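Q: Going down the list, the protein sequences come from chains A and B. My numbering puts the first residue of the first sequence at 105, with every later residue one more than the last. My numbering puts the first residue of the second sequence at -4, with every later residue one more than the last. We put the beta carbon where it would ideally sit given N, CA and C, even for glycine. These figures come from a predicted structure and were not determined experimentally.
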Amino acid sequence: MDPLAQRKIYSVQEVTAEIKQALDHFGVLWVQGEISNFKHHTSGHMYFSLKDDRAQLRAACFRNNNMYLKFRPEDGLEVLVRGRISVYEPRGDYQILVEFMEPVGLGSLQLAFEKLKQKLRDEGLFDESHKVRLPLLPRKVGIVTSPTGAAIQDMLRILDRRNASLDILIYPARVQGAGAAEEIAAGVKYFNGRDDIDVIIVTRGGGSMEDLWAFNEEVVARAIHDAERPVISAVGHEVDFTIADFVADLRAPTPSAAAELVSGAREELKATVSSLTRRTLQAARLLLARRRAALERAARNRAFQIAPNKVHELQQRFDEATLRTTQSMMKYQTALRHRERVLQVRLSKVDLRRNIAGDREVLTGKRTRLQAAAGRQLQRWRSRLELDMGRIHALSPLAILDRGYAICRDQQGAILRHADRTAPGDRVDVRLAQGELGCRVEQIRN
Amino acid sequence: MKDFEGSLKQLEEIVSKLEGGDLTLDQALELFEEGIKLSRYCNAKLEEAERKVETLIKSADGSLVEAPFTAEGDEARK
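Written out as structure tokens, the structure is:
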């Protein structure tokens, strides 16, 4: 038999087709290697080789697969690719058709994140000098978020629980997927353009890095940076950091924490104000007490035994006036606080969506009346106290001597009120405002 | 209209003056009264807002208008 007849003779096309078929058995595979000879063709397709120190594998990544890559492949980059081995028949080359690839070590999103972070940091967008302080007492907060998301629910729950007096305005924005970043940026710009918004919050609940991606987009970072109002970024959970967090004036680890940040200061301030009020009252009381002590010292002086009962009586009245002033102020403060709390509770029970102007008027009216009454009361205490002080001063022995009177005592120390209680030749002591005279009686005139 | 931060600072100054002593009764009473007035003002400011919750919606002509916020969670919050 002709050995040649036994031979199967392939055409080039046939053998290539069989190789192609054989290679198809590999199915989908993952290959790790370094990119070399990278070409991004004008058609949008990418052509390159994967290599390690012993071999090379040609690779192609078509436009429809590479348009979603979160990083830019380049020579020297170590990547992990997923694809199928295929044969390019016109050239007899085999190659891997890449459907997906990511840099090894860092995920592709992570890499894009790091790159943008570095870029914006170099531009100075994260500089502390750009950061604006939160106002002590924000009145109206603009929140850019999804109106149906968990974040806004969490925040409103916290504000409710803390009974925070804050107005909230929501800018509804998609917080993930295509177009989300642009909507978030537009929200920040919108709030920044209003003059009644004290703080802007950009927020969304937790999710994967892909879910949170909108907050890593440059357009969001720029909008936050350009905003003159303070911006709080509250994205995902504690562990999630986004570019928005770095640019924002303040990063809140969670949406709830952001709510605490805008309402927390208020609680602290309430404590500060009541402590200052307490100290005002205490200082005033102390001052009055010191006056009283001085008066008591004067009264105790053995030389001034004038009308001790009168002085004691005045002292008592003085004490009472002091007590009235301070204690009543305390009581008044407590009463006012209590009243406000009661009204506040009533207000908070009113449906938030209802117009509460009516209740507000009632509250304002009551508060005004309370304050007016308290003001009148304070004025009365003050005049009474001044009157008492005037009386005390007028009757004080020191004041009498100051006016030029003198006190004359006999040798037993008894105050002399009648000239005939002495005889010529008796020694008497005369107390003046400053100093004392030792005298002898020369003549008695009745 | 003085603002909250300014009033708070003023109140702090008054307290340190009062605590420093060395005042006539008149001065003390005046400071005291002013302090109480400031404390009242600050307290009022702290309680002032109504906690209105609103959302922006697009009106027919494309501009944004404010409307009361009603989310699914609203029922639960009552």
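Could you tell me the distance, in whole angstroms, from the CA atom of residue 124/A to the CA atom of residue 142/A?
A: Using only the alpha carbons, I get a separation of about 24 Å.
Q: To which residues of the same chain is residue 612/A closer than 7 Å at the C-beta, ignoring the five residues directly before and after it?
A: No answer is possible for residue 612/A: it lies beyond the span of chain A, which begins at 105 and ends at 550.
Q: Tell me, please, which residues DSSP counts as bridged to residue 271/A.
A: For residue 271/A, which the question treats as bridged, DSSP gives the partners 244/A.
Q: Do you know whose CA, among 339/A, 314/A and 294/A, lies nearest residue 306/A's CA?
A: If we check each option's Cα against that of residue 306/A, 339/A comes out closest.
Q: Just grab the DSSP bridge partners of residue 164/A for me.
A: 151/A and 201/A.
Q: Hey, how far is the Cα of residue 459/A from the Cα of residue 61/B?
A: Here the model assigns residue 459/A a pLDDT of 43, short of 50, so the residue's position is not dependable, and the following value carries that caveat. Answer to the nearest angstrom: the Cα atoms are 14 Å apart.
Q: Can you give the Cα-Cα distance for residue 363/A and residue 269/A, rounded to whole angstroms?
A: If I take the Cα positions, the gap works out to 12 Å.
Q: CA-CA distance, residue 451/A and residue 229/A?
A: Only weak support exists for where residue 451/A lies, its pLDDT of 47 falling under 50; the value from the coordinates is given anyway. So the alpha carbons of these two residues sit roughly 43 Å apart.
Q: Select from the region 29 to 42 of chain B all residues with a C-beta closer than 8 Å to any C-beta belonging to chain A, and list them in chain order.
A: Per Cβ criterion, the list reads 30, 31, 34, 35, 37, 38, 39, 40, 41 and 42.
Q: Taking residue 351/A as the reference, give the member of 370/A, 320/A and 376/A with the closest Cα.
A: It is 320/A whose Cα lies nearest to the Cα of residue 351/A.
Q: With 8 Å as the C-beta to C-beta threshold (strictly closer), list the residues of the region 353 to 373 of chain A near chain B in chain order.
A: Flagged, chain order: 370 and 373.
Q: Pick helix, strand or coil for residue 65/B, following the three-state DSSP scheme.
A: Three-state result, residue 65/B: coil.
Q: Classify residue 312/A: buried if its beta carbon has 16 or more other beta carbons within 10 angstroms, exposed otherwise.
A: Result: exposed.
Q: How many Å lie between residue 231/A and residue 173/A at the Cα?
A: Those two C-alpha atoms are separated by around 30 Å.
Q: Let's test the definition: count the other Cβ atoms within 10 Å of the Cβ of residue 543/A and tell me whether it reaches 16, buried, or not, exposed.
A: Label assigned to residue 543/A: exposed.
Q: Grab the span of the beta strand (DSSP E) containing residue 605/A for me, first residue to last.
A: No answer is possible for residue 605/A: it lies beyond the span of chain A, which begins at 105 and ends at 550.
Q: Is it buried or exposed, residue 170/A, if we count other Cβ atoms within 10 angstroms and call 16 or more buried?
A: So residue 170/A ends up on the buried side.
Q: Applying the criterion that 16 or more other CB atoms from any shown protein chain within 10 Å of the CB defines a buried residue, is residue 563/A buried or exposed?
A: Within the shown structure, residues of chain A are numbered from 105 to 550, placing residue 563/A beyond reach of any answer.
Q: Which residues in the same chain have their Cβ closer than 8 Å to the Cβ of residue 506/A, if we skip the five residues on either side of it in sequence?
A: Here the set comprises 537.
Q: Indicate whether residue 6/B and residue 26/B have their beta-carbon atoms separated by less than 8 Å.
A: Cβ distance not < 8 Å, so residue 6/B and residue 26/B don't count as in contact.
Q: Compute the distance between the beta-carbons of residue 253/A and residue 308/A, then report whether it is under 8 Å.
A: Going by C-beta atoms, residue 253/A is nearer than 8 Å to residue 308/A.
Q: DSSP on residue 0/B, reduced to helix/strand/coil?
A: In the structure shown, residue 0/B sits in a helix (DSSP, three-state: H, G or I).
Q: Which of the three DSSP states, helix, strand or coil, is assigned to residue 337/A?
A: Looking at residue 337/A - three-state DSSP - the assignment turns out to be strand.
Q: Hey, does residue 49/B have any beta-carbon neighbour from chain A nearer than 8 Å?
A: Yes, because at least one Cβ of chain A sits closer than 8 Å to the Cβ of residue 49/B.
Q: Quick one: which chain A residues come within Cβ less than 7 Å of residue 14/B?
A: Result: 383 and 387.
Q: Return yes when the Cβ of residue 30/B is within less than 8 Å of the Cβ of residue 52/B, no when it is not.
A: No.
Q: Take every Cβ of the region 323 to 332 of chain A, pair it with every Cβ of the region 281 to 301 of chain A, and state whether three or more of those distances are shorter than 8 Å.
A: Counting Cβ pairs under 8 Å, three or more are found: they touch.
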